[in-house]
Structure formats: structure tokens, C-alpha cells
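Enquirer: Questions regarding the structure given below will be posed in turn.
Protein chains: 2
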Amino acid sequence: MPVETIDRAAEELNAETARVGRDIDRLFGELLPTVADGRDRLFEAMRHAAIGGGKRLRPLLTIGASRLFAIDRERALRVGAAIEAIHVYSLIHDDLPCMDNADLRRGRATVHKAFGEAVAVLAGDSLHALAFEILADPLTHEDPWVRSDLVLELAAAAGPSGMAGGQMMDLVAEGQTLDLSAITRLQQLKTGALIEYSVEAACIMTKLPGEARTPYRGYARNIGLAFQIADDLIDHSGDETAAGKRTGKDADAGKATFVSLLGEERARQQANFLVEQAIEHLSDHGDEANLLRSIARFAIERDH
Amino acid sequence: MPVETIDRAAEELNAETARVGRDIDRLFGELLPTVADGRDRLFEAMRHAAIGGGKRLRPLLTIGASRLFAIDRERALRVGAAIEAIHVYSLIHDDLPCMDNADLRRGRATVHKAFGEAVAVLAGDSLHALAFEILADPLTHEDPWVRSDLVLELAAAAGPSGMAGGQMMDLVAEGQTLDLSAITRLQQLKTGALIEYSVEAACIMTKLPGEARTPYRGYARNIGLAFQIADDLIDHSGDETAAGKRTGKDADAGKATFVSLLGEERARQQANFLVEQAIEHLSDHGDEANLLRSIARFAIERDH
Chain Z
1 MPVETIDRAA EELNAETARV GRDIDRLFGE LLPTVADGRD RLFEAMRHAA IGGGKRLRPL
61 LTIGASRLFA IDRERALRVG AAIEAIHVYS LIHDDLPCMD NADLRRGRAT VHKAFGEAVA
121 VLAGDSLHAL AFEILADPLT HEDPWVRSDL VLELAAAAGP SGMAGGQMMD LVAEGQTLDL
181 SAITRLQQLK TGALIEYSVE AACIMTKLPG EARTPYRGYA RNIGLAFQIA DDLIDHSGDE
241 TAAGKRTGKD ADAGKATFVS LLGEERARQQ ANFLVEQAIE HLSDHGDEAN LLRSIARFAI
301 ERDH
Chain D
1001 MPVETIDRAA EELNAETARV GRDIDRLFGE LLPTVADGRD RLFEAMRHAA IGGGKRLRPL
1061 LTIGASRLFA IDRERALRVG AAIEAIHVYS LIHDDLPCMD NADLRRGRAT VHKAFGEAVA
1121 VLAGDSLHAL AFEILADPLT HEDPWVRSDL VLELAAAAGP SGMAGGQMMD LVAEGQTLDL
1181 SAITRLQQLK TGALIEYSVE AACIMTKLPG EARTPYRGYA RNIGLAFQIA DDLIDHSGDE
1241 TAAGKRTGKD ADAGKATFVS LLGEERARQQ ANFLVEQAIE HLSDHGDEAN LLRSIARFAI
1301 ERDH
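Residue numbers (the working numbering), protein chains in the order written: chain Z, 1 to 304; chain D, 1001 to 1304.
Structure, rendered in C-alpha cells:
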């Protein structure tokens, strides 16, 4: 691909990333109001965690996938906000002293550092409930089948058979040496399930039958692993200011990662291969898939 | 009412309570399988908290309300299990060291005592997601409008405008002296919202229009407050073995309760008045409302 085409794609991706970030912030601003009672600090903690930070990868994937089927952008954004609410709740709980005990997230104090542990538990729980409240709202989709399916699949992706199950495997893995297939399985649950849902949500919104979803699932699965490898590379050699969080913590905890198992060079090659595969899954699409292609391409060229 | 009628009603309530308890245990047993990977301890912690304990008041209310509209019992039980999953998750998180720091719940070790804090956070989160997965499943109701509405209203009852919001108010109230109206508002969110939903869920399942729900909401609101007063009376003067948890903790924490504000005698009178009002709301119904009447009547005559 000519250099100027790559530059233009990078520029467009940056512009869309910024736009999705602003739109998600606006939605959370509307959903998390200032209230004049004892709950005010709870909403404040939720806003602290949910507004103004993060790469917004998951909503961006939902917007990218929604372009394949010409889905209304505002509805796709609401679904993206629901997914981001789940992601943010999981970060709040993951950062707690009894879990990762992190002080810094997205370049700011973690919720328990800024608001105390009890408020952090409740803010995570509240964002968790909010996600399902968004999805089940007729504003998100006029078809109740779609709303019900969006809820069913998100609950599965977030619960013990998805993200929470992966976090549990991660806890158990401490002090153990996992092999490549065990790490892959762990990451497919811990981070892959929600990333896959971010793409699948657009298939649900357009009522695509299950068998027609295979390429999009394939894209999402490849992207999810590529992102995880990129995260491992950042944690391995990255810069804390750019990452917005402490790096090197996997190595400190003695945890196996794709980088510790494959080495830096082979991990990079594997990520590149996954990106090529992801893009290959979109070969039946024209320009409407360009955003998804760019997300894949630049997934592994980031420093945070 | 003649003594023998009261005795029979009490017997029937006891039998139905035991039956609902067994059915909810069976459902959780099916929903929380044994798995052969690192998630096994997560499912074990969920089963520890969800199976074999508690009064199952909320599922019992859903079963009682479902009788008013001849709703299929197995479906009402699934909704009851979803509500109980939310209730149990909130107990697990409430018991954490950073919240109430409780060692004992329902006569057993709390989840963080038995499995550690990190697993307790994840087990609560997993039960939270499970609740919505149950409701959005076509097994729970064939009509997607009903499923979507069940999700929407439960998310609202559990989130920052309901239970989680009430828990936040409770946190903020520590060290403050709340008056009766502030305590009532706090309890309506913290415990009332989910109890109200337990009854309202049957209205949603039978697609009762909003304006026709007034008496059932009134019943549930009265019952919710009566239960809270009964809980305060148990905490004030109760017996720890019967309660299955530490009592006297509100007084120790210097927290205002209905009993500390009204005194024991007036609190008891108020609870009786609320029960009468609750039963009055059911006056258009015949025998099909007997279970709801019994739940109200015996709500305040328990010791745990």
C-alpha cells in the first residue's frame, strides 16, 4: 500500500477515534447526572472512571462494524457506551487492592485511590447495571428481540463464561507457568469475549443470522489476540507516561505473557499475522470496512 | 381471623417458602456448573453464596405475585432466581472488608472469608451478570418485549437509582444523624427497589399496563418498609444464632434506624400498620392473593 494511503488511513482513524471518544463522553455525561443527595459521590466516581479516558477501542469496533450494515450511528454509540461501561467497571474492580492494587489508570488516580475502596466497589457495580439499562432501553433499538439478544450476549461475555471467568483464571494462574494454549484461552475469556461482542453487537443489531457472522467473529477474535500481544509488548518494554499505568507488572508478578513465552520478535510477528488474518476476513466488503481494517492495522502500532 | 385459620396460613406459607427455597437451589445448581478449569473456584464461591441459604423472600414475592395472574410457575421461578442473584451479589460485596467487613452471613462464612477477597469481588460480579443472562433468555419468557422490560426494570432497581444508590447513601450516612424521612428514602432505594421489583416483575410478565400496577406497587412498598423495620428490630434485640449474622451492628456503628428513631414499641406499631396497608392493596383479589397476604402478615413475626 502506498505511503500516502497509509498516512490518510491513519489520519482518518485518529479523527474517528477522537470523535467516538467525544461521543462516548457526551453519552456518559447524560447518563451520569449530578444529583443533590448522598449518591452524588457515587456518580462522581462513575464519571471519574468513565469520562475522558481510554482508547475507546470497544465502542470504536462497534462503530466500525455498524458501518458494514449501515446501522444508525447514534444507536451503535449507545451499544458502544454499554460495552464501555462493562469495560470500565471491570477496570475499577481489577484495580482494587485485593486484585491488582493499582494506583494509576489512564494517567489518573484509580477510583479507590481517589474515592476509597467502598465507593470503588459500588461505582463498578453501578456501571455494570447501567450497561444493561442502556441496552434494554427502546432508544437503543426499536426491536425488542434485538434488545433482548444484545443483553443476553453481553451478559454471557461479561460473566463467568467470559470476562469474569478469564479474570478468575488469571488469579489462579499467579505462581503457575501457563503454556501458550492456556494463555490464549485465558485471554480469549478475559479480554477477547468483550472485544468479540463489540463486533458481534452490530451483527445482532442488523439481525444477521448466526452462520453469516463467522467472518466478523473471526475478525474480532484475531483483533482481540493481536491487541493482547500489543498490550504485553507495551507492558514488557513500554513507557509508563504513554501507557498511563504502571508497566512491567506482569514480569514483576512472574506471570507468563505472549512476550515471555514467544520472545519479543516472535510476539511481534504473531501480532502481524493476526492482523493480516483479521483483514482477510473482511475481503467481501468494500470501503465500508475501511474503519475496521484501519483499527486492525494500527492495533499493534500503538504505544499505549 | 380465627386462630386455626392463622395457623393454617402459617403452615401453608412455611411449606411454600421451603418449596421455593428448594426450587431456587435447583435452578442455581443448574446455572452454576462444576467446570474443569481455573474458573472452578469461582463457580464454587457463587454456589457457596447462592445455594442453600436465605429466606428467599424476593423469589417468594415473585411467586406470590405470579399467582395473581396465573403465570407459569417455572418462569416466575427463573425471574425469582435472577432477582436472588442480584440480592446475593449485593450481600457478597456488602460483606467485603471495605464495606461491612462481615465474617458471617446466613450462618456460614462470608465469601471473602471462605475464598478470599478477590474471588468474592469476582463472584459478586459474576452473579450480577448471571441475573441479566437469565432474564434475557427465551426460556424465561417467549415475548421479547417482556424480557427486555424485565431487564430494563431490574437494571434500574439494582443500579445507582436503586440498590447501589441506597448503599452509597448508607455509606455517606455513617457518622451522620438521619431523620425518619431520610432513613425511609435510603431504605426505599437500598432494599425497597429490589423488593418492589420482585412484585412488579409479575406485572411485567403479564403485560399489565402501568396504571393498573398501582396497588401491587403499593403492596410492595409497604412490605419493603415493614421488612426493614423487622430487620432493625432483629438487629436491635435479636439473637445471632437465629439471625445467622452478627446483630447490634447498626447501634455499634452509631447508625440511625427505624428502631433508634421511633423506639421499639412505635417501630412495631408502624410495621403492623404497614402490613395492614399492604393487605388492603390486595382487596380486589380472592384466594389467589393468599400467599402475598401471608407473606405480609408473617413478615414482621420472624426472628431472622
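From the three backbone atoms N, C-alpha and C, an ideal C-beta is built for every residue, glycine too.
In angstroms, rounded to a whole number, what distance separates the CA positions of Z:Leu42 and Z:Pro2?
Expert: 50 angstroms
Enquirer: Along the chain, where does the alpha helix (DSSP H) containing Z:Glu133 start, and where does it finish?
Expert: Glu117 to Leu135
Enquirer: In angstroms with no decimal places, state the Cα-to-Cα distance between D:Val1259 and D:Ala1120.
Expert: 32 angstroms
Enquirer: Does any residue of chain D bring its CB to less than 8 angstroms from the CB of Z:Glu133?
Expert: yes
Enquirer: Identify every residue that forms a DSSP beta bridge with D:Ala1109.
Expert: Per DSSP, D:Leu1104.
Enquirer: Grab me the residues of D:Met1163's own chain with a C-beta within less than 8 angstroms of its C-beta, minus the 5 sequence neighbours each way, in chain order.
Expert: Contacts found: Ile1086, Ser1090, Ala1157, Leu1189, Lys1190, Thr1191, Ala1193 and Leu1194.
Enquirer: Helix, strand or coil for Z:Glu301 per DSSP?
Expert: coil
Enquirer: Just the Cα atoms here: how many angstroms apart are Z:Ala201 and Z:Ala109?
Expert: Straight-line Cα distance between these residues: approximately 31 angstroms.
Enquirer: Contact between the region 121-133 of chain Z and the region 29-42 of chain Z is defined here as three or more beta-carbon pairs at a separation below 8 angstroms; is this criterion met?
Expert: yes
Enquirer: Across the region 96-113 of chain Z and the region 71-81 of chain Z, are there enough close Cβ pairs to call them in contact, namely three or more that are closer than 8 angstroms?
Expert: By the Cβ rule, the region 96-113 of chain Z does not count as touching the region 71-81 of chain Z, because fewer than three pairs are nearer than 8 angstroms.
Enquirer: Please determine, among Z:Gly263, Z:Glu301 and Z:His285, the residue with the shortest C-alpha to C-alpha distance to Z:Asn272.
Expert: Z:Glu301
Enquirer: Could you list the residues in the region 8-41 of chain Z with a C-beta less than 9 angstroms from some C-beta on chain D, going in chain order?
Expert: Leu32, Val35, Asp37, Gly38, Arg39, Asp40 and Arg41
Enquirer: What runs of the alpha helix (DSSP H), each 4 residues or longer, lie entirely inside the region 1161-1217 of chain D?
Expert: 1163-1173, 1180-1187 and 1193-1205
Enquirer: Does D:Gln1167 pass the burial test, meaning 16 or more other C-beta atoms within 10 Å, or should it be called exposed?
Expert: buried
Enquirer: Does DSSP put D:Asp1072 in a helix, in a strand, or in coil?
Expert: coil
Enquirer: Locate the alpha helix (DSSP H) running through Z:Ser260, then write down its first and last residues.
Expert: Phe258 to Leu262
Enquirer: To the nearest angstrom, report how far apart Z:Ala173 and D:Pro1215 are at their CA atoms.
Expert: 53 angstroms
Enquirer: Taking CB distances under 8 angstroms as the criterion, tell me whether Z:Gly159 reaches chain D.
Expert: Yes, its Cβ sits closer than 8 angstroms to a Cβ of chain D.
Enquirer: Mind checking whether D:Gly1218 and D:His1281 have CB atoms under 8 angstroms apart?
Expert: yes
Enquirer: Just the chain D side, please: which residues come within less than 7 angstroms of Z:Cys98 by C-beta, in chain order?
Expert: Glu1117, Ala1118 and Val1121
Enquirer: Nearest to Z:Ala226 by CA position, among Z:Cys203, Z:Pro209 and Z:Thr257, is which residue?
Expert: Z:Thr257
Enquirer: From D:Gly1064 to Z:Leu180, what distance separates their C-alpha atoms?
Expert: 52 angstroms
Enquirer: Since Z:Ala136 and Z:Val151 should fall inside the 8 angstroms C-beta cutoff, what is the C-beta to C-beta distance between them, to a whole number of angstroms?
Expert: 6 angstroms
Enquirer: How many angstroms separate the CA atom of D:Leu1060 from the CA atom of D:Arg1293?
Expert: 12 angstroms
Enquirer: Looking at chain D, is there any beta carbon in it that lies within less than 8 angstroms of the beta carbon of Z:His87?
Expert: So no, Z:His87 is outside the interface.
Enquirer: May I ask which residues mark the beginning and end of the alpha helix (DSSP H) holding D:Ile1024?
Expert: The continuous alpha helix (DSSP H) containing D:Ile1024 extends over residues Val1003 to Leu1031.
Enquirer: Give the straight-line distance between the Cα atoms of D:Leu1122 and Z:Ile204, rounded to the nearest whole angstrom.
Expert: 27 angstroms
Enquirer: Which residues in chain D sit within 7 angstroms of Z:Gln167, going by Cβ to Cβ distance?
Expert: Within chain D, the residues near Z:Gln167 are Leu1122.
Enquirer: Taking a cut of 9 angstroms between CB atoms, which residues from the region 1183-1201 of chain D lie near chain Z?
Expert: Arg1185, Leu1186 and Leu1189
Enquirer: Can you find a CB in chain D that lies within less than 8 angstroms of the CB of Z:His48?
Expert: Judged by the 8 angstroms Cβ criterion, Z:His48 is not in contact with chain D.
Enquirer: Mind listing the chain Z neighbours of D:Val1275? Cutoff is C-beta to C-beta under 9 angstroms, in chain order.
Expert: Within chain Z, no residue comes near D:Val1275; the closest Cβ sits about 29 angstroms away, beyond 9 angstroms.
Enquirer: List the whole-angstrom C-beta distance separating Z:Arg67 from Z:Leu291, where the pair is believed to meet the contact cut-off of C-beta under 8 angstroms.
Expert: 6 angstroms
Enquirer: Less than 8 angstroms between CB atoms is the rule here; does Z:Arg147 satisfy it with respect to chain D?
Expert: yes
Enquirer: Taking just the CA atoms, how far does D:Leu1013 sit from D:Ile1024?
Expert: 16 angstroms
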